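Q: Protein chains in written order, with our numbering: chain A, 6 to 80; chain B, 114 to 1064.
First the structure, then my questions, so here it is.
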Amino acid sequence: MDTEHLVTMANDIATFFESDGGADAAVGRIQNHLQLFWEPRMRTAIIRHLAAGGEGLSPLARAAVAQLKLPASAA
Amino acid sequence: MYSLNYNDRGTPAASGTEQVSLEIDGQAVSVPAGTSIMRAASLAGVQVPKLCATDTLKAFGSCRLCLVEIDGRKGYPASCTTEVAAGMKVHTQTEALAKLRRGVVELYVSDHPLDCDGCPADKHCELQTAAALTGVTTNTRYGEGGAGHAGAPCDTSNPYFTFDPNLCIACSRCVRACEEVQGTYALTISGRGFASHVSASNNQNFLESECVSCGACVESCPTAALSEKNLATIGRPEVSINTTCAYCGVGCSLNAEVSGGKVTRMVPNRDGDANHGHACVKGRFAYGYATHPDRVKHPMIRAKFTDPWREVSWEEAFSYAASEIKRIQAKHGRVSVGGITSSRCTNEETFLVQKLVRAAFGNNNVDTCARVCHSPTGYGLKNTMGESAGTQAFDSVMHTDVILLIGANPTEGHPVFASQMKRRLRQGAKLIVADPRVIGLVHSPHAQADYHLRLRPGTNVALINALAHVIVTEGLTRDDYVAERCEADSYARWKAFVAEPRNSPEQSEQFTGVPAADVRASARLYARGPNGSIYYGLGVTEHSQGSTMVMGIANLAMATGNLGREGVGVNPLRGQNNVQGSCDMGSFPHEFSGYRHVSTDSVRELFESVWHVPLDKEPGLRIPNMFDAMLDGSFRGLYVQGEDIVQSDPNTQHVAAALSSLECLIVQDLFLNETARFAHVFFPGASFLEKDGTFTNAERRISRVRQVLPPLAGLGDWEATVGLSNALGYPMHYTHPSQIMDEIARVTPTFTGVSFEKLDRLGSIQWPCNAQAPEGTPTMHVDHFVRGKGRFFVTEYVPTSERVNGRYPLLLTTGRILSQYNVGAQTRRTENVVWYPEELIEIHPHDAEERGIVDNDWVGITSRAGDTVLRATVTERVIPGVVYTTFHFPESGANLVTTENSDWATNCPEYKVTAVQVVKVSQPGEWQRRNDEARVVREGQRQIAGHGGVS
């Protein structure tokens, strides 16, 4: 998957949820959005990108991705 | 000439609730107050002869044929213009009336001889009927000779109909139809007295005039003066079959009239719930693509997409496709394949494709074209109100006081609904248009926009926040409504946000370019209503903040109490005939039918129990993500039904590269389209004339599609999906599409009451249709929102990353026009090309002058994604800094320049904002050479072995 594109998408999601309800609630909401709408390959790619340093991820997006579990299919 | 077998009541139905009792020819009759005597008589089975009256038009009273006698009243009033009254005693057949009527008809016939043999309207002509009723023949007392209109030249300029003044009786029905039904006012009666004649615009021919070829005049004509050309070439129809249009999201009910197995004409159904007897140039006339020579009639396969095609039997095609899918999954995994459903195919066909993907492929990699148009509508409205659909019926517009129209162009994209909207505007409703371009509704005959907010592309959310700022800070909210029906905390949060000075119109003007005074006036107008309605289109959704903007619209409607009744609402104008339906049917990778998430155990278990296989609980890939997965090698097979993603999706080169990497692409379509260039299996599709099923339009209205012609390739689209599924080893045993709808009803709560039998009985049904609403739901959220309490969302304006700069100083936005439709696969293969034979780019005179561009110049358009060349049209319809084009022709490559930017929530592409440069090119030159080379490659990819040329 195009990691750069996924980073942009994650940051955009984070920007929205931060503005609606504040940073504290945003992390859980971002994580929930990724879980509900991102296919396992996409979640796997962003998790691995974070594990490799997470370049480009905004702080909130980073925190949300850190809460994601690696999908079973990635094992 | 109206539809076969239609019983024209003469004047429109009255809307009064009080009943009036009267007597007509000794018969007791009871009708609603406001009904004309003519209509009352017709309802009682008494036909009063008429010529200038028809029940889609207001009474006119000019022909003097429909006279009656009323006890206690002097003279002979016209029954069309006289309303019923309690206790009235009417006589429609007396000696005096017969003499008067005979005199009237004789005068008409003296200038319109009854040469009926061979006339297209023979046996269906109202003058012929009137003559028979009054005993008038061609030999009137006036004899031959004298002044007349014989010998007037026919106007055959319009590709679909003829105007023959020799047959015209100057009844004005066509003029009135153009005014009252269509709202274009293209026709008039020119001259006076005996010189009166029908004139298109300023005595021009129809093609050159302002006529938009909707055909309302043709349908209202009582003789053959205005008649479809097919009536002369194919012959008079013998059979009429009611079906639903396969073009836009209005979903017009049409009667397909057939002669000798050929469709002679499509006549709008006057009882159609969505269109009330009207249609547009596409639905009424542009159905010829269904029998175009380009139609593919046989399944085809090939090992590589650079090989010529080989025609095979359906069995071999199913077997080959299934073996490839299985091979790919065995090698690359269960999730390496997927499908794309069609928004042109029926609900039943779409349901089967997503079922195939989920049950036979074993994953949720299914998506639909709503991804690239209204997916933000689904996300935004689901989160704010609880349902992924618009809130009203089309008829609701007739009760609105203020229309806020954002990013939509209904006169081009939803013409029949636009006609209804114009009618309401002519009655006095106010209009606010938010659009960078001067769309047709800004200045239409007898109706002008009160405010035109010409915002810069990409600044929608700044505008909606500014409107909300005014409404909140000036105390125009309906706090009582909100307190009862919405979440208190989210409302408080939103109110505090929009009230901030940075969201004021004065601050927002720097982004939007819209004068603050206009924003303030518009906000006050909408909020004060009393009934304010919002209608919007892809100018809202196809942005990086598409979902945010939909939420902003919902916020505005909730805050002003404009939901839950007629005349208000949030109305997404869904573009395609069944895009609403394809979403309803579970075409999204994260949702089953009825918009329920795949991870919800109880929902998934229901489907598992009905489909008898375990189902994946993880969301699948959306279309843009499929392309990325193709390029990284993890997605290798795709089944595409009725979509041309190479032409319609952004960044054409990216899409083409992705599809080139597939090991098996199965395309099911009417024609060898751009996507089929990369295909390995081709299933020939069926047009709407060959289908049996249902479509769901933009107002959630489910309507029947009935088969008029047999499938050209021998199988319907649903049968092809069944064949593939059975070949894959997942059995599907349907024998009729009604069984598929029965299954949909069993598994989808909003459809539990829907069946073909009920649709035949009621005509159409708006979902939800279930125990709570057995006959459907015109207006949503009446007592409460579907989610319970409405939820407000803070909609912070985030400028798009697609910015103009020195290299790309202009913004390109895209849209539709009336005569062509989407990727043009259908309309380019009809006579509609006469109106729009090629793509043009609109550029403002200021920008054009800076570049030395004049009308018709070839110009190169370049973005960071790619480039193309088009002819320019210089116009003030666009604002400086913005250029505009359409996407109907594959050769023009509009999507070569659009980018991968997309909505944050749904990945809906940001088609409406692309930074470009436009330069004059002295001749197409290099650009054209590349286009020509590309065309040769395209044609090579369409070669069929054993055929002389390209199919």
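All C-beta atoms, glycine included, are put in the ideal place defined by N, C-alpha and C.
Just so we're clear, the structure is a prediction, and the values are computed from it rather than from any experiment.
1) Would you kindly work out how many angstroms separate the C-alpha atoms of B/Gly258 and B/Val222, rounded to a whole number?
2) Of all the options B/Leu538, B/Thr943, B/Phe791, which has the alpha carbon lying nearest to the alpha carbon of B/Gln1056?
3) Does the CB of A/Leu41 have a neighbour CB from chain B at under 8 Å?
4) Using a beta-carbon distance cut-off of less than 8 Å, what residues from the segment 699-715 of chain B approach chain A?
5) If we call anything under 8 Å between Cβ atoms a contact, is B/Gln754 one with B/Cys458?
6) Three-state secondary structure (DSSP) at B/Met511?
7) Under a CB-based cut-off of 8 Å, is B/Asn573 close to chain A?
8) How big is the Cα-Cα spacing for B/Tyr492 and B/Thr269?
9) With a Cβ-Cβ cutoff of 8 Å, do B/Gln766 and B/Asn786 count as a contact?
10) Rounded to the nearest angstrom, what separates B/Gln939 and B/Ala399 at their Cα positions?
11) If we count the other Cβ atoms within 10 Å of its Cβ and call it buried at 16 or more, is B/Lys163 buried or exposed?
12) State yes or no: is the C-beta of B/Gly401 nearer than 7 Å to some heavy atom of the ligand ADP?
13) As a quick exercise: from B/Ala799, B/Pro489, B/Thr1019, pick the residue whose alpha carbon is nearest that of B/Val409.
14) Looking at the C-beta of A/Glu44, does it have a partner C-beta in chain B at a distance below 8 Å?
15) Return no unless some Cβ of chain A is closer than 8 Å to the Cβ of B/Thr661.
16) Measuring alpha carbon to alpha carbon, tell me which of B/Gly746, B/Leu339, B/Pro891 ends up nearest B/Asn810.
17) Can you tell me whether B/Glu718 is buried or exposed, with buried defined as 16 or more other CB within 10 angstroms of its CB?
18) Residues of chain A with CB under 7 Å from B/Asn738, in chain order?
19) Helix, strand or coil for B/Gln1056? Go by DSSP, reduced to three states.
20) What is the DSSP secondary structure of B/His767, counted as helix, strand or coil?
21) Taking a contact to mean a Cβ-Cβ separation below 8 Å, would you say B/Cys324 touches B/Ala338 in this structure?
22) Classify B/Val726 as buried or exposed, calling it buried when 16 or more other Cβ atoms lie within 10 Å of its own Cβ.
23) Let me make sure I understand the geometry here. Which of B/His204, B/Tyr433, B/Ala575 has the alpha-carbon closest to that of B/Glu182?
24) How would you label B/Gly158, buried or exposed, when you count the other beta carbons within 10 angstroms and need 16 or more for buried?
25) Work out the CA separation of B/Gly452 and B/Val1063 for me, nearest whole Å.
26) Should the segment 436-452 of chain B be called in touch with the segment 666-678 of chain B, which here means at least 3 C-beta pairs below 8 Å?
27) Check whether the Cβ atoms of B/Val371 and B/Glu351 sit closer than 8 Å, and answer yes or no.
28) Between A/Pro64 and chain B, is any beta-carbon pair separated by less than 8 Å?
29) Count the other C-beta atoms from every protein chain shown that fall within 10 angstroms of the C-beta of B/His582, then say buried if there are 16 or more, exposed otherwise.
30) Which residue or residues does DSSP assign as beta-bridge partners of B/Gly451?
31) Nearest-angstrom Cα distance between B/Lys187 and B/Asp228?
32) So is B/Thr346 buried or exposed if we call it buried at 16+ other beta carbons inside 10 Å?
33) Are any of the Cβ atoms in chain A nearer than 8 Å to that of B/Ser773?
34) For chain B, check one thing: does any of its Cβ atoms lie closer than 8 Å to the Cβ of A/Ile18?
35) Report the residue from B/Glu989, B/Phe705, B/Ala789 whose alpha carbon sits nearest the alpha carbon of B/Ile857.
36) Counting contacts by CB-CB distance shorter than 8 Å, is A/His10 in contact with chain B?
A: Here's the rundown:
1) 13 Å
2) B/Phe791
3) yes
4) Pro702, His703, His710, Ser712
5) yes
6) Helix at B/Met511.
7) no
8) Between B/Tyr492 and B/Thr269, the C-alpha separation is close to 49 Å.
9) no
10) So the alpha carbons of these two residues sit roughly 8 Å apart.
11) buried
12) Looking for the ligand ADP in the displayed structure turns up nothing, as the structure carries no ligands at all.
13) B/Ala799
14) yes
15) At a cut-off of 8 Å between C-beta atoms, B/Thr661 counts as an interface residue with respect to chain A.
16) B/Pro891
17) exposed
18) Glu44, Met47
19) strand
20) helix
21) no
22) exposed
23) B/His204
24) By the Cβ-count criterion, B/Gly158 is exposed, with fewer than 16 other Cβ atoms from all chains shown falling within 10 Å of its own Cβ.
25) Because the pLDDT of B/Val1063 is 41, which lies under 50, any placement of that residue in the model is unreliable, and the question is left without a value.
26) Taking 8 Å as the limit for Cβ pairs, the verdict is that the segment 666-678 of chain B does not touch the segment 436-452 of chain B.
27) yes
28) no
29) buried
30) B/Leu751
31) 38 Å
32) exposed
33) no
34) So yes, A/Ile18 belongs to the interface.
35) B/Phe705
36) yes
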